[in-house]
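Taking it in order: structure first as structure tokens, then the write-up.
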């Protein structure tokens, strides 16, 4: 990489990100059952029915993993706590082993000079709460806030930043409309309620954390650039609708206290009664805005019920996920979010990265030049946005380690560090070494 720390403003933070279910090993330490466990156990949902019971055993190898973050010269470690590890029933008695684990983990970050950036929910809902309707049940806002209070009462004094929920679009739309993540529903009414209740839970938790004096609170939003397949009005409307429900529904709810009209055309009949009275709660003030960005989608109109569009394969180089590599989309979202939504708040790229066909060479090395080029191209987009006046203050790579990639099992490798899925040996890839050199310059 030609890029270095000196290319960014003083104080700009570099980091890496993980999530609890994807790395910890949910079968360890008294964690309760989650809806991902049952989703994975249902034939056809996950490649080879793989789950996160062992994952890559971060639960026992966390010291080695934090050493890798520190040795790369990074500043921030973005991690998540597991609701079901902290509260195995989702409510009630806390699991002391789980609290002790996160206590050790946070102390380990601080001992290595890392800023702990906590995400409270990264998709693993306790099964007893799923049985009560999960995100379709408005009571989840209070359940979630009680969980937040439980974990932050233990570690909140040492946490640098907190975000309530990672990628609301995945929690609600991809899980309740497309059926690709737990709970695996394809139900528009369930989707509308989940989308709204995710934001109610976000706002309720933000207000409660603010009241207890927790500093540096933000929200994390996943964004995909929506490109019309052609100049026609129909294609433009298809792309605008995708942009509306994927990108703007959650941003607009939090920062504008409203939902996009083209999304309400499909979802409003299915939203819970009195939904429009919740925006003061949803719009609880934030201290920063997080953007997760990976790709663009090309949209074409299609026959059928709302949302009536289809995705078209694009011409750009693609990652192992089949996602086009389009760093210009990140620059666009940084500019638009600052200008139209967050309006001056610090912005962090809380996830950006790629899956690649990373293979261990006979000499024990892993060469991943495409990932290095991907990182450099996206950091270039960040630099251009900063030069245009966008207050971007950090960039976190997804992910530190090869891990459990949800419905794709262990097939897709996003890590800066290669993990042998049999021995669990960690081997830094060429991109890790290149990034470490860039951090040192």
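Numbering (the working numbering), first residue to last: 61 to 501.
C-beta atoms are modelled at their ideal positions from N, C-alpha and C, and glycine is treated no differently.
Alpha carbons only, please: which of the options is nearest the one belonging to residue i?
i: residue 294; options: 368, 378, 109 and 387; result: 368
i: residue 370; options: 418, 409, 101 and 361; result: 361
i: residue 475; options: 439, 73, 430 and 437; result: 430
i: residue 151; options: 138, 190 and 442; result: 190
i: residue 124; options: 445, 487 and 472; result: 487
i: residue 461; options: 110, 418 and 324; result: 418
i: residue 188; options: 448, 268, 96 and 382; result: 96
i: residue 255; options: 421, 73, 305 and 436; result: 305
i: residue 63; options: 245, 363, 323 and 436; result: 436
i: residue 75; options: 107, 109, 126 and 105; result: 126
i: residue 285; options: 273, 226 and 298; result: 298
Between residue i and residue j, which are expected to be in contact by the criterion C-beta below 8 Å, what is the C-beta distance as a whole number of angstroms?
i: residue 432; j: residue 494; result: 5 Å
i: residue 389; j: residue 451; result: Contact flag wrong, Cβ pair sits at about 19 Å.
i: residue 384; j: residue 376; result: 4 Å
i: residue 198; j: residue 236; result: Contact doesn't hold; Cβ gap of about 15 Å is too wide.
i: residue 347; j: residue 278; result: 6 Å
i: residue 176; j: residue 214; result: No, residue 176 and residue 214 are not in contact; Cβ-Cβ is about 13 Å, not under 8 Å.
i: residue 102; j: residue 138; result: Not confirmed; about 30 Å, so no contact.
i: residue 313; j: residue 266; result: With 8 Å as the limit, residue 313 and residue 266 do not qualify as a contact, their Cβ atoms being about 12 Å apart.
i: residue 280; j: residue 410; result: 5 Å
i: residue 492; j: residue 412; result: No, residue 492 and residue 412 are not in contact; Cβ-Cβ is about 15 Å, not under 8 Å.
i: residue 248; j: residue 141; result: With a Cβ gap of about 31 Å, residue 248 and residue 141 do not count as contacting.
i: residue 332; j: residue 253; result: 6 Å
Per DSSP, which residues does residue i bridge with? Please list them.
i: residue 282; result: 352
i: residue 454; result: 73 and 408
i: residue 487; result: 478
i: residue 139; result: 178
i: residue 226; result: 280
i: residue 372; result: 358
i: residue 378; result: 384
i: residue 416; result: 473
i: residue 94; result: 186
Is residue i helix, strand or coil by DSSP?
i: residue 436; result: helix
i: residue 187; result: helix
i: residue 473; result: strand
i: residue 115; result: coil
i: residue 460; result: coil
i: residue 445; result: helix
i: residue 365; result: coil
For residue i, which residues from the same chain have a beta carbon less than 7 Å from its beta carbon, with the 5 sequence-adjacent residues on both sides left out?
i: residue 114; result: 85 and 87
i: residue 82; result: 112, 115, 463 and 464
i: residue 251; result: 232, 233, 236 and 237
Below 6 Å CB to CB, which residues in the same chain sit around residue i once its five sequence neighbours on both sides are set aside?
i: residue 165; result: 122
i: residue 401; result: 311 and 315
i: residue 366; result: 326
Give me, in chain order, the residues of the same chain whose beta-carbon lies closer than 8 Å to that of residue i; leave out the 5 immediate sequence neighbours on both sides.
i: residue 407; result: 348, 349, 350, 351, 394, 397, 398, 450, 451, 452 and 453
i: residue 170; result: 176 and 218
i: residue 372; result: 289, 358, 359 and 360
i: residue 118; result: 78, 83, 84, 85, 125 and 461
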